Amino acid sequence: MKRWIPLNSHHHEFVEGRSTLGFDKCSLKGAIIIWVVMLCLSCGLLSGCSALLPSPISRFELQTPRPFGYVIGDEIQHRLVIETRQDVTFNPDSLPKQGALNRWLNLNQVSVATDTDSGELVVDLKYQAFYAPNEVKMLSVPGFTLRFNQSGKTIEQAVPEWHFTLSPIKELAVRKDEDGLNYMRPDAVPQPLSDSQQWLAVYASLSLGLMTSVYLAYLYGFFPVWPKQRIFKRALRELSSKSQADMPRGLAVVHHAFNVLNDQPLFKHRLAGFYQTHAEYQSAAEQIDWFFNFSNAVLFAGKQDFAADDWQKLQDLCRVCRDIECGKR
Amino acid sequence: MRALKHRMIWGLLLTCLLAACMQLWQIQRIHRENQWMIELAKGHDIGIEQLANAAPQIRLARAVYLRQKQRYNEALDTLSVIVGQGDSTLQAQSRYNLGNVYLNQAMTEVDAGRINQAMPLLTLAKQAYRQALALDSGYWDAKYNLELAMRLLPEFDRISQTEADDDAAKPSQLWTTLPGFPRGLP
């Protein structure tokens, strides 16, 4: 029987086909293979898992315009679109500061916005170049590094510099104007002041004023097409052409006015209904009551001894009703 | 209540008429000021007392007139009053005209050989043009005159072995300027 001598110092004796501990050689080899396979699988799984972990910055995009055809004073807009994991926060201090970046480049505007739909961070940078080249020259907007925080750690993302060409707008040779001086563009002459807004305001005011005037004219009974606004106006005019001696006629005029207003003959016992439909006349109820009592006395009871005061009261009633008709009361 | 409503209708009518009258008065003022601008453009000055309550455009027009008459200091005084007034277009125009006054003065000094006097004026002109372009980056006349001013007074950066790109140096690192005209192609 062939013996297997272990290399280590342990006194495990292996016998071909069976160890002294009760394992045979084949099962030992199998165990080792399984162990190695398990080890490899574990390593693979671990490395696979680490590869599956998402990067803190899942998307970084620098959107730039055309890199040529610029002249002095032109603005150049860059946009950074960044998508990060949720636990990553952007450090806005890592953005370049607004103002002069160098001798010829200004950063006029820096705006940071977060897209609520996608959760993307959008950074807009507006540069302005003040370089006066003698010929087409390549320049570059300097790069910078964005910083993010992730659970106490700082993550950096480089924004590369961006090259573009700038052209002159002025010829290199000296150009003289008719006075022999260097040619320069003339002063800006202000445009004539516009009065369109003022005219618009005038038209609006006059239109509103006209509408108000028309409404007032309607209230004051200037339109024959609305006779109901003219009832007491006409009555007052008729009364003013009569005298105290025409008291029965004056009473008839006022009665007629009330009847027209009521669309049917109005009697004293129907005054409650009249006030329901013409509530504005409620304020003159006392004078109207006096009128109906006085009218009954004159027209039906034969009262003849009416005084000048009665005629005045009748005119006052008509005047009050006219004011109510106009909306003054 | 009806009486109040009635009074309010009358009040509305009076307000409308008053507003219309005020606007007509404004229109008359605008027409008068436009007439002043025409007079200034024709080369006739207007009384300085008329500028007291006038729109900033009138002062701008008068500054143009004063520069044409080479009354540079008066033009500068006039422009300094309105440099922050009006909308962005007017502000850009007033800064551009301010730059033109400085540039004009500087060119006069350069022609007379007084380079030291010309340098600060050119610096001021460039600053004014830059401000105009910051307000309106499409202001072509300001671009042209700024380029002219920068040709007259080129800006050079400190010569340094360590800096790869001299053009990227900060403005504070400027150490010299050389006023002069480029006399054609080499």
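Chains as they are written, first to last, in numbering that gives the first Met the number 0: chain A, 0 to 328; chain B, 0 to 185. Beta carbons are placed, not taken as given, at the ideal position from N, Cα and C, and that holds for glycine. Just so it is clear, the structure is predicted and the values come from calculations on it, not from any experiment.
query, result
"Between R102/A and chain C, is any beta-carbon pair separated by less than 8 angstroms?", "In the displayed structure, chain C is absent; the protein chains listed are A and B."
"Please confirm whether I71/A has its beta-carbon closer than 8 angstroms to some beta-carbon of chain B.", "yes"
"Counting only beta-carbon separations shorter than 8 angstroms, does Q25/B have a partner in chain A?", "yes"
"By alpha-carbon positions, which one of A251/A, Q228/A, P226/A and K227/A ends up nearest to L238/A?", "A251/A"
"Taking the alpha-carbon positions, what's the E74/A to A187/A distance?", "22 angstroms"
"Counting only beta-carbon separations shorter than 8 angstroms, does L165/A have a partner in chain B?", "no"
"Output needed in chain order: residues of the segment 259-281 of chain A with a Cβ under 8 angstroms from some Cβ in chain B.", "E279"
"Does any residue of chain B have a CB that is nearer than 8 angstroms to the CB of Q127/A?", "yes"
"When DSSP builds the beta bridges, which residues end up paired with A99/A?", "N105/A"
"For A234/A, would you say it is in contact with chain B, using Cβ-to-Cβ distances shorter than 8 angstroms as the test?", "no"
"Touch check for the segment 145-155 of chain A and the segment 99-113 of chain A: three-plus C-beta pairs under 8 angstroms?", "no"
"From the beta carbon of R78/A, is the nearest beta carbon of chain B less than 8 angstroms away?", "no"
"How big is the Cα-Cα spacing for A234/A and R31/B?", "54 angstroms"
"Along chain A, in chain order, which residues have C-beta atoms closer than 9 angstroms to that of Y71/B?", "Here the premise fails: no neighbours, minimum Cβ distance about 12 angstroms."
"Helix, strand or coil: how does DSSP classify T175/B here?", "Low local confidence applies: a pLDDT of 48 at T175/B is under 50, so the model's placement there is unreliable, with the coordinate-based value given in what follows. In the structure shown, T175/B sits in a strand (DSSP, three-state: E or B)."
"Among E119/A, E134/A and A112/A, which one has its Cα closest to the Cα of G68/A?", "E134/A"
"Since L124/A sits in a beta bridge, which residues does DSSP pair it with?", "H77/A and V109/A"
"Would you list, in chain order, the members of the segment 93-126 of chain B that have their beta-carbon closer than 7 angstroms to a beta-carbon of chain A?", "Y95, N96, N99, L102 and M106"
"For a contact defined as C-beta to C-beta under 8 angstroms, what are the partners of R248/A on chain B?", "Ordered by position in chain B, no residue passes the 8 angstroms Cβ test against R248/A, which lies about 31 angstroms from the chain."
"Hey, does L316/A have any beta-carbon neighbour from chain B nearer than 8 angstroms?", "no"
"Run the CB neighbour count on Q160/B, radius 10 Å, all protein chains shown included, and call it buried at 16 or more, exposed below.", "Confidence at Q160/B is low in this model, with a pLDDT of 46, below 50, so its placement is unreliable and no value can be given for it."
"Residues in its own chain within less than 8 angstroms of F291/A by CB, not counting five upstream and five downstream?", "F266, K267 and L270"
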